[in-house]
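Accompanying notes for the structure given below.
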Amino acid sequence: MYLQTVTWVHHWTPGLFSFRVDRPQSLRFDSGEFVMIGLPAEDGKAIMRAYSIVSPAWEDHLEFFSVKVADGALTSRLQHLKIGDKVLIGRKPTGTLVIDALTPGKHLVMIGTGTGLAPFLSVLRDPATHERFENIIITHTVRQKEELAYSQFLQEEIRNDEIFGELLRDRFTYYPTVTQGEFHTRGRITDRIREGLFRSDIGLTTADRPDSRWMICGSMAFNKDMIEILEGWGMTEGTRSNPGQFVVERAFVG
Ligand code: A2P
Numbered sequence: 001m002y003l004q005t006v007t008w009v010h011h012w013t014p015g016l017f018s019f020r021v022d023r024p025q026s027l028r029f030d031s032g033e034f035v036m037i038g039l040p041a042e043d044g045k046a047i048m049r050a051y052s053i054v055s056p057a058w059e060d061h062l063e064f065f066s067v068k069v070a071d072g073a074l075t076s077r078l079q080h081l082k083i084g085d086k087v088l089i090g091r092k093p094t095g096t097l098v099i100d101a102l103t104p105g106k107h108l109v110m111i112g113t114g115t116g117l118a119p120f121l122s123v124l125r126d127p128a129t130h131e132r133f134e135n136i137i138i139t140h141t142v143r144q145k146e147e148l149a150y151s152q153f154l155q156e157e158i159r160n161d162e163i164f165g166e167l168l169r170d171r172f173t174y175y176p177t178v179t180q181g182e183f184h185t186r187g188r189i190t191d192r193i194r195e196g197l198f199r200s201d202i203g204l205t206t207a208d209r210p211d212s213r214w215m216i217c218g219s220m221a222f223n224k225d226m227i228e229i230l231e232g233w234g235m236t237e238g239t240r241s242n243p244g245q246f247v248v249e250r251a252f253v254g
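Residue numbers (the UniProt record's numbering): 1 to 254.
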């Protein structure tokens, strides 16, 4: 286990926050993977939870995106993190949301709910993603629009980025949806996909399906619904040893 120092904390809403720790020099990971994180405990029994890494593999920090749960075993304490605090980081990042688990395609569609957005922020900033796919789409579904964390980053900042601005021009779509409250794209992403609204909004047709590859990250019920949609189109789930048309992160809870 590594013991790393918190370098940045940002609270998005009363229920959501992000933080960074300095990166252990020997830690390597593939964009889209998760790692176990925890806090040192006085009795020596640290509680560890799986967290997707938000930051790209080339950054010198590790960033995480978390809910705050008042009685949550870990997040009740994690939400009070301050710069300079120590966080335990597991030694073995792993996970299924990696482009190597997908067969070659044209369109990479990453569908997330809540903090399930996290791994896609890493995949988006991996140069390999841009070599393999022509067109990249990230959707984010939340209840209230205030919960659209990273929206300014996805809408504006990355498009003005020195490296990624050029790379993503005309090739990247950020597609937020809100299920409770007014918003220009309302409703569950699963419903918008089934109703054909999603594909028409992003300028794809059913003819593009064979060239599309999907990454899914959200609650268990959401994952199940998305798998049903994709399998209904005849797609199969991929793993690193047997790549397919879609991948799902099952370790994610949130
Ligand atoms: P909804 O408000 O309709 O439940 P949660 O915080 O419960 O994980 O939900 C995050 C977002 O994911 C919410 O906008 C929620 O919509 C949506 N969601 C929850 N379950 C599903 C599902 N089975 N399919 C699609 N979206 C879902």
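A virtual CB, placed ideally from N, CA and C, is assigned to each residue, including glycine.
Pairing G38 with R28 gives a Cβ-Cβ distance that is not under 8 Å.
Inter-segment contact for the region 82-95 and the region 219-228 is absent: fewer than three beta-carbon pairs are separated by less than 8 Å. Look at R125 here: in three-state DSSP terms it is coil, with no helix or strand label.
Not a single heavy atom of ligand 1 lies less than 7 Å from the C-beta of F198. With 16 or more other Cβ atoms inside 10 Å of its own Cβ, T129 counts as buried.
G114 carries a helical assignment under DSSP once its states are collapsed to helix, strand and coil. Between the C-alpha atoms of E146 and I137 there is a straight-line separation of about 21 Å. Uninterrupted alpha helix (DSSP H) stretches at least 4 residues long and entirely within the region 27-101 occur at 75-78, given in chain order. The nearest non-hydrogen atom of ligand 1 is 7 Å or more from the C-beta of F183.
At the C-beta level, R23 and L74 stay beyond 8 Å of one another. Annotation for F17: no alpha helix (DSSP H) segment contains it, though the beta strand (DSSP E) segment containing it runs L16 to D22. Under DSSP, the beta-bridge partners assigned to N135 are H107.
Counting along the chain, the unbroken alpha helix (DSSP H) around Q152 starts and ends at S151 to Q155. Within the region 151-200, the alpha helix (DSSP H) runs of at least 4 residues that lie entirely inside it are, in chain order, 151-155, 164-168 and 189-194. Of all C-beta pairs linking the region 101-112 to the region 241-250, three or more are shorter than 8 Å, placing the two stretches in contact.
The way I'd put it, the region 113-128 does touch the region 140-156; three or more beta-carbon pairs between them come closer than 8 Å. L204 sits away from Y174, with the two beta carbons spaced by 8 Å or more. In this structure, the C-beta of D225 approaches ligand 1 to less than 7 Å from one of its heavy atoms. Spanning the alpha carbons of A46 and L78 requires a straight line of approximately 12 Å.
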